[in-house]
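S.K.:
Number of protein chains: 2
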Amino acid sequence: MGKAGLPVSPLAPASFPELPVIAGVEFSSGAAGVKYQGRTDVTLIRIAEGSSIAGAFTKSSTRAACVLDNQAKLAQNADTNAGAAIIVNSGNANAFTGARGLESVAAVTGAVADALGLPQNRVFSSSTGVIGEPLPHDRIIAIVGDLKAGLDEAGVAAAARAIMTTDTFPKGASATVKGDGGQIRIAGIAKGSGMIAPDMATMLVYIFTDARISAPLLQGALVGGLASTFNAITVDSDTSTSDALIVAATGRSDAAEITDLSSTEGQAFVAALHGVMRELAQLVVRDGEGASKFVEIQVTGAASEDDAHRVAMAVANSPLVKTAIAGEDANWGRIVAAVGKSGAEADRDLLKISFGDMVLAEKGWRSPGYDEEKASAYMKNQNLIIGVDLGLGQGARTVWTCDLTHGYIDINADYRS
Amino acid sequence: MGKAGLPVSPLAPASFPELPVIAGVEFSSGAAGVKYQGRTDVTLIRIAEGSSIAGAFTKSSTRAACVLDNQAKLAQNADTNAGAAIIVNSGNANAFTGARGLESVAAVTGAVADALGLPQNRVFSSSTGVIGEPLPHDRIIAIVGDLKAGLDEAGVAAAARAIMTTDTFPKGASATVKGDGGQIRIAGIAKGSGMIAPDMATMLVYIFTDARISAPLLQGALVGGLASTFNAITVDSDTSTSDALIVAATGRSDAAEITDLSSTEGQAFVAALHGVMRELAQLVVRDGEGASKFVEIQVTGAASEDDAHRVAMAVANSPLVKTAIAGEDANWGRIVAAVGKSGAEADRDLLKISFGDMVLAEKGWRSPGYDEEKASAYMKNQNLIIGVDLGLGQGARTVWTCDLTHGYIDINADYRS
Numbered sequence: 001m002g003k004a005g006l007p008v009s010p011l012a013p014a015s016f017p018e019l020p021v022i023a024g025v026e027f028s029s030g031a032a033g034v035k036y037q038g039r040t041d042v043t044l045i046r047i048a049e050g051s052s053i054a055g056a057f058t059k060s061s062t063r064a065a066c067v068l069d070n071q072a073k074l075a076q077n078a079d080t081n082a083g084a085a086i087i088v089n090s091g092n093a094n095a096f097t098g099a100r101g102l103e104s105v106a107a108v109t110g111a112v113a114d115a116l117g118l119p120q121n122r123v124f125s126s127s128t129g130v131i132g133e134p135l136p137h138d139r140i141i142a143i144v145g146d147l148k149a150g151l152d153e154a155g156v157a158a159a160a161r162a163i164m165t166t167d168t169f170p171k172g173a174s175a176t177v178k179g180d181g182g183q184i185r186i187a188g189i190a191k192g193s194g195m196i197a198p199d200m201a202t203m204l205v206y207i208f209t210d211a212r213i214s215a216p217l218l219q220g221a222l223v224g225g226l227a228s229t230f231n232a233i234t235v236d237s238d239t240s241t242s243d244a245l246i247v248a249a250t251g252r253s254d255a256a257e258i259t260d261l262s263s264t265e266g267q268a269f270v271a272a273l274h275g276v277m278r279e280l281a282q283l284v285v286r287d288g289e290g291a292s293k294f295v296e297i298q299v300t301g302a303a304s305e306d307d308a309h310r311v312a313m314a315v316a317n318s319p320l321v322k323t324a325i326a327g328e329d330a331n332w333g334r335i336v337a338a339v340g341k342s343g344a345e346a347d348r349d350l351l352k353i354s355f356g357d358m359v360l361a362e363k364g365w366r367s368p369g370y371d372e373e374k375a376s377a378y379m380k381n382q383n384l385i386i387g388v389d390l391g392l393g394q395g396a397r398t399v400w401t402c403d404l405t406h407g408y409i410d411i412n413a414d415y416r417s
Numbered sequence: 418m419g420k421a422g423l424p425v426s427p428l429a430p431a432s433f434p435e436l437p438v439i440a441g442v443e444f445s446s447g448a449a450g451v452k453y454q455g456r457t458d459v460t461l462i463r464i465a466e467g468s469s470i471a472g473a474f475t476k477s478s479t480r481a482a483c484v485l486d487n488q489a490k491l492a493q494n495a496d497t498n499a500g501a502a503i504i505v506n507s508g509n510a511n512a513f514t515g516a517r518g519l520e521s522v523a524a525v526t527g528a529v530a531d532a533l534g535l536p537q538n539r540v541f542s543s544s545t546g547v548i549g550e551p552l553p554h555d556r557i558i559a560i561v562g563d564l565k566a567g568l569d570e571a572g573v574a575a576a577a578r579a580i581m582t583t584d585t586f587p588k589g590a591s592a593t594v595k596g597d598g599g600q601i602r603i604a605g606i607a608k609g610s611g612m613i614a615p616d617m618a619t620m621l622v623y624i625f626t627d628a629r630i631s632a633p634l635l636q637g638a639l640v641g642g643l644a645s646t647f648n649a650i651t652v653d654s655d656t657s658t659s660d661a662l663i664v665a666a667t668g669r670s671d672a673a674e675i676t677d678l679s680s681t682e683g684q685a686f687v688a689a690l691h692g693v694m695r696e697l698a699q700l701v702v703r704d705g706e707g708a709s710k711f712v713e714i715q716v717t718g719a720a721s722e723d724d725a726h727r728v729a730m731a732v733a734n735s736p737l738v739k740t741a742i743a744g745e746d747a748n749w750g751r752i753v754a755a756v757g758k759s760g761a762e763a764d765r766d767l768l769k770i771s772f773g774d775m776v777l778a779e780k781g782w783r784s785p786g787y788d789e790e791k792a793s794a795y796m797k798n799q800n801l802i803i804g805v806d807l808g809l810g811q812g813a814r815t816v817w818t819c820d821l822t823h824g825y826i827d828i829n830a831d832y833r834s
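Protein sequences, first through last, are from chains G and W.
Residue numbering for the first sequence is 1 to 417, as defined by this note's numbering.
Residue numbering for the second sequence is 418 to 834, as defined by this note's numbering.
#1: Could you please tell me which residues of the segment 278–310 of chain G, in chain order, have their CB closer than 7 Å to any CB of chain W?
#2: Return yes when the Cβ of Glu-550/W is within less than 7 Å of the Cβ of Asn-509/W, no when it is not.
#3: Would DSSP call Glu-779/W helix, strand or coil?
#4: With a 10 Å radius around its C-beta and 16 neighbouring C-beta atoms as the bar for buried, classify Val-247/G as buried or exposed.
#5: Would you call Thr-166/G buried or exposed, if buried means 16 or more other Cβ atoms sit within 10 Å of its Cβ?
#6: What runs of the alpha helix (DSSP H), each 4 residues or longer, lie entirely inside the segment 579–650 of chain W?
#7: My guess is that Ala-492/W and Val-594/W are in contact by the Cβ rule of under 8 Å, so how many angstroms apart are they, rounded?
#8: Could one say the Cβ of Val-484/W lies closer than 7 Å to chain G's Cβ atoms, at least one of them?
#9: Could you check whether the Cβ of His-691/W sits closer than 7 Å to any Cβ belonging to chain G?
#10: Curious, which full-length beta strand (DSSP E) runs of at least 3 residues does the segment 678–763 of chain W contain?
#11: Using a Cβ-Cβ distance under 7 Å, would Lys-191/G count as near chain W?
#12: Ser-521/W CB to nearest chain G CB: under 7 Å?
#13: Does the segment 641–654 of chain W come close enough to the segment 521–528 of chain W to have 3 or more Cβ pairs within less than 8 Å?
#14: Find the residues of chain W that neighbour Arg-100/G, judging by a C-beta separation of less than 8 Å, and give them in chain order.
#15: In chain G, what lies closer than 8 Å to Thr-822/W by C-beta?
#16: Would you kindly check if the distance between the Cβ of Val-105/G and the Cβ of Ser-125/G is under 7 Å?
#17: Cα separation between Thr-183/G and Val-388/G?
#18: Is there a C-beta anywhere in chain G that falls below 7 Å from the one on Thr-402/W?
#19: Rounded to a whole number of angstroms, what is the C-alpha to C-alpha distance between Pro-424/W and Lys-588/W?
#20: CB-CB under 6 Å to Leu-283/G, same chain, minus the five flanking residues each way: which ones, in chain order?
#21: Output the distance between the C-alpha atoms of Asp-314/G and Ser-680/W, rounded to the nearest integer angstrom.
#22: Can you tell me the Cα-Cα spacing of Lys-565/W and Gly-534/W, whole angstroms?
#23: Do you know how far the Cα of Phe-586/W is from the Cα of Ile-826/W?
#24: Could you name the residues of chain W that Leu-320/G contacts, counting a contact when the two beta carbons are closer than 8 Å?
#25: Starting from Ile-141/G and walking both ways along the alpha helix (DSSP H), at which residues does that stretch end?
#26: Please compile the residues from chain G whose C-beta is within a distance smaller than 9 Å of the C-beta of Arg-480/W.
#27: By DSSP, does Val-525/W sit in helix, in strand, or in coil?
#28: Measuring only between beta-carbons, confirm whether Ser-354/G sits less than 7 Å from chain W.
#29: In whole angstroms, what is the alpha-carbon distance linking Ala-571/W and Leu-768/W?
#30: Answer yes if the segment 280–295 of chain G comes into contact with the segment 320–328 of chain G, meaning at least three C-beta pairs across the two stretches below 8 Å, and no otherwise.
#31: So, is Gly-812/W buried or exposed, given that buried needs 16 or more other C-beta atoms within 10 angstroms?
#32: What is the DSSP secondary structure of Val-123/G, reduced to helix, strand or coil?
#33: Could you tell me whether the Cβ atoms of Gly-562/W and Ser-445/W are closer together than 7 Å?
#34: So, using beta-carbon positions, are Ala-221/G and Val-299/G closer together than 7 Å?
#35: Within 10 Å of its beta-carbon, does Glu-279/G have 16 or more other beta-carbons around it, so buried, or fewer, so exposed?
#36: Does the CB of Val-753/W have a neighbour CB from chain G at under 7 Å?
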């Protein structure tokens, strides 16, 4: 069972992966009782002096107090010689909590700054859970001392658990890449399973690396990967108030500093970082509320990249497509309808729809080779690939989603209480 | 039980209404066995000579063959002295059926034209049901003779039943309005319960009136009402390939011809027509697949009308809002999140959210007068009003939707088979 008492997603990996230790990053988790009882719900992460920090956040116009605070602090271009910290709680999102919400953020990040001897503008925070309830920040502040005492470079798996809400499994991913003169390690954790339709960043994601790289270059590497990773997933078309992705680079690797993202080492680092981002994004979909199928939507031949994204998201968010997948019904007509409503340029007579290697529809109607039995058999797979070729241009986009099942209704008709 | 074997929606009216006879309009329904067995599935409607016809159709780029055909015929500005006919089948949408789909439309409308002695460009058609299967049009043509024999001005209720697919109850609405020198009667029927997020028109809707009014004026009256009726509802955010709304005015009323929509009589007619459109639109939501609650979303104070529509639809389509309503959970934080993702201009600290007369949130956080118990009690109602005031400008829009329940998954994970 996951922390919220839900059965573990059938799409979960067998176990939490072995993540490499990132020198200069320590974790500590504890139970503050913010909302949940009998589980950890706060994680403190200390990042060593000399680290670069980058971040991306939700574009929601009702974003949470901690998101606004993180954005303001990152925009200040704070002294990169100082250390940094991130404190995260689950159980309460501290979103739509007005002036009191900002006071809570100031109180919590102030307490962490005092305890760790850091400037307050290098202490970032995230809160995830219910929207609109005041955050009982005293409960978090009360355990900051204990959290500090427990800081440990090996604490990443416990941190991945403490930040879960309706998640049914903890999510981690890593990569190791050859730098100039040594290995560079990347390790990340994420939480998220509902309210997932990221817009610039998503959910809560923390990625750490020992690479030596400046904050502006790290930010560039991060932003360049968003479109094909966190902005390419959706569980339920609902964008969170609290999406936050923070990347910290400690510079403790033996490899030389990355000063150019287009160098061989720069490209290798960017590719590895994006690989970790993609894996974490896909893990969030694999823990999509009630999910029983993991679905890749490959759109090609669109008139533009924007059109490809529009079509891919229209298919991925269509409740009718998602329920057909849940019912293992090869109902490709609903994909046609989703393409039609997307607003993207489309020509019915050029449209081609395929499941895996099987072409179901082309040239404006059912493919002559269409085999209902084979199509239905394909739908029994746990991992599905839906191809939509618009036949118009070079625009392409791949996105990931899950099906819409009774489990989603169970979880969301009764989450808050 | 409805025709598809589903229990009747708890939001259904007690019975099908008494609709006034519209002189010059006859209906006949029969069982062609297009897909369903043991029920009627084809309706023929004959409209007398001298009638004006207007229409509005889906904007989907993958619209069905019959929609394309209707649009082409209406654009030809066909001779309004000739009579007209509409033939409708359920069980197969004849959408994404390529050249063969157009052949089916030509065959069916040609057979009706021959049988009734009408020019073929005055025979309109609609098909609703599964997408992507060839329409077995011979089965429809085989009963056209029987349908002709059964034409009857009193056949409207049977027609409302024959056009149902996953609908659980037949839908009708009417109005009578004082014209210049006599009464004008309006009667309409509709079908629709899933794939409902109209874009210009919706589902299948047929409205008849004995008003004397030219086709261009009738079209103007129709189009002016779309934004606040059919384009203001959503069940599941999925736009159909087959949405069609046709209005016919037979001119058989004793009232004088309406030659100006802004005259007293013109305004009364337009208001009555829009009232019938709104009632039919709301009936579609009341038959939303799996619906247990009817929800009105009132957005006010938006920076523009477009923004008001965007916010209203973001709230109405949010799976998290809809599942919270299904669970009778006053989880207004999900409404905040939906406003935030809508893309409309919003200021967290000006936003006000209310349920009925109860203000839940204002000035950036929970209202001081918020009473969880009262809010929860309100959610037990079958008809709910959610108010969102953005506090920015004059833009306002009201839309209607339903909740998202296990029933929706039941119906759609297994509809086609």
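By construction, the Cβ of each residue, glycine as well, lies at the ideal position given by its N, Cα and C atoms.
M.R.: In brief:
#1: none
#2: The sequence position of residue 509/W within the second sequence is 92, counting from 1. The sequence position of residue 550/W within the second sequence is 133, counting from 1. In contact: Asn-509/W and Glu-550/W (Cβ atoms closer than 7 Å).
#3: Your numbering for residue 779/W matches position 362 in the second sequence. Looking at Glu-779/W - three-state DSSP - the assignment turns out to be strand.
#4: Taking the first residue of the first sequence as 1, we reach residue 247/G at position 247. Result: buried.
#5: Indexing the first sequence from 1 puts residue 166/G at position 166. The residue in question, Thr-166/G, is buried, as its Cβ has 16 or more Cβ neighbours within 10 Å.
#6: 632–643
#7: The sequence position of residue 492/W within the second sequence is 75, counting from 1. The sequence position of residue 594/W within the second sequence is 177, counting from 1. Rounded to whole angstroms, the Cβ separation of Ala-492/W and Val-594/W is 29 Å, and the two are not in contact under 8 Å.
#8: Here residue 484/W refers to the residue found at position 67 when the second sequence is read from its first residue. No, because no Cβ of chain G sits closer than 7 Å to the Cβ of Val-484/W.
#9: Here residue 691/W corresponds to residue number 274 of the second sequence, with the count starting at 1. No - not a single Cβ of chain G is within 7 Å of the one on His-691/W.
#10: For the segment 678–763 of chain W, whole beta strand (DSSP E) runs of length 3 or above, ordered along the chain, are 711–719.
#11: Against the first sequence, residue 191/G aligns to sequence position 191. Closer than 7 Å: no.
#12: As a position in the second sequence, residue 521/W is number 104, starting the count at 1. With 7 Å as the cut-off, Ser-521/W does not count as an interface residue toward chain G.
#13: With the cut-off at 8 Å, the segment 641–654 of chain W and the segment 521–528 of chain W do not touch.
#14: Start at 1 with the first residue of the first sequence, and residue 100/G comes out as number 100. What Arg-100/G touches in chain W: Trp-782.
#15: Locating residue 822/W in the second sequence gives position 405, counting from the first residue. By Cβ distance, chain G contributes Ile-409, Ala-413.
#16: Position 125 of the first sequence, counted from the first residue, corresponds to residue 125/G. Position 105 of the first sequence, counted from the first residue, corresponds to residue 105/G. Yes; because the gap between Cβ atoms is below 7 Å, this pair is in contact.
#17: Mapped onto the first sequence, residue 183/G falls at position 183. Mapped onto the first sequence, residue 388/G falls at position 388. The question names Thr, but residue 183/G in the sequence shown is Gln. One C-alpha to the other measures close to 40 Å.
#18: Residue coverage of chain W in this structure runs from 418 to 834, which leaves residue 402/W outside it and unanswerable.
#19: Position 7 of the second sequence, counting from 1, holds the residue named residue 424/W. Position 171 of the second sequence, counting from 1, holds the residue named residue 588/W. One C-alpha to the other measures close to 16 Å.
#20: For the purposes of this step, residue 283/G is taken as the residue at position 283 of the first sequence. Excluding residues within five positions, the ones whose Cβ falls inside 6 Å are Lys-171.
#21: Within the first sequence, the letter at position 314 stands for residue 314/G. Within the second sequence, the letter at position 263 stands for residue 680/W. The question names Asp, but residue 314/G is Ala in the sequence shown. When rounded, the separation of the alpha-carbon atoms in Ala-314/G and Ser-680/W is 44 Å.
#22: As a first step, residue 565/W must be located in the second sequence, where it is residue number 148. As a first step, residue 534/W must be located in the second sequence, where it is residue number 117. Each residue's Cα considered, the two are about 11 Å apart.
#23: Within the second sequence, the letter at position 409 stands for residue 826/W. Within the second sequence, the letter at position 169 stands for residue 586/W. Each residue's alpha carbon lies about 19 Å from the other.
#24: Within the first sequence, the letter at position 320 stands for residue 320/G. In chain order: Gly-611, Met-612, Asp-653, Asp-655, Asn-829.
#25: Start at 1 with the first residue of the first sequence, and residue 141/G comes out as number 141. Its alpha helix (DSSP H) spans residues 137–141.
#26: Here residue 480/W is taken as the residue at index 63 of the second sequence, counted from 1. Neighbours of Arg-480/W on chain G, chain order: Gly-340, Arg-348.
#27: In the second sequence, residue 525/W corresponds to position 108, counting from 1. Note: Val-525/W maps to helix in three-state DSSP.
#28: As a first step, residue 354/G is located in the first sequence; it is residue number 354 there, counting from the start. Not closer than 7 Å to any Cβ of chain W, the Cβ of Ser-354/G fails to qualify, so no.
#29: Numbered from its first residue, the second sequence carries residue 571/W at position 154. Numbered from its first residue, the second sequence carries residue 768/W at position 351. One C-alpha to the other measures close to 51 Å.
#30: Touching, yes, given that three or more Cβ pairs across the two stretches are closer than 8 Å.
#31: For this step, residue 812/W is matched to residue 395 along the second sequence. With 16 or more other Cβ atoms within 10 Å, it is buried.
#32: What you label residue 123/G is simply residue 123 of the first sequence in a count that begins at 1. The answer is strand: DSSP assigns Val-123/G an E or B state.
#33: Position 145 of the second sequence, counted from the first residue, corresponds to residue 562/W. Position 28 of the second sequence, counted from the first residue, corresponds to residue 445/W. Not in contact: Gly-562/W and Ser-445/W (Cβ atoms no closer than 7 Å).
#34: Numbered from its first residue, the first sequence carries residue 221/G at position 221. Numbered from its first residue, the first sequence carries residue 299/G at position 299. No, they are not a contact pair.
#35: Counted from its first residue, the first sequence places residue 279/G at position 279. Buried, since its Cβ has 16 or more Cβ neighbours within 10 Å.
#36: As a first step, residue 753/W is located in the second sequence; it is residue number 336 there, counting from the start. At least one chain G Cβ lies under 7 Å of Val-753/W.
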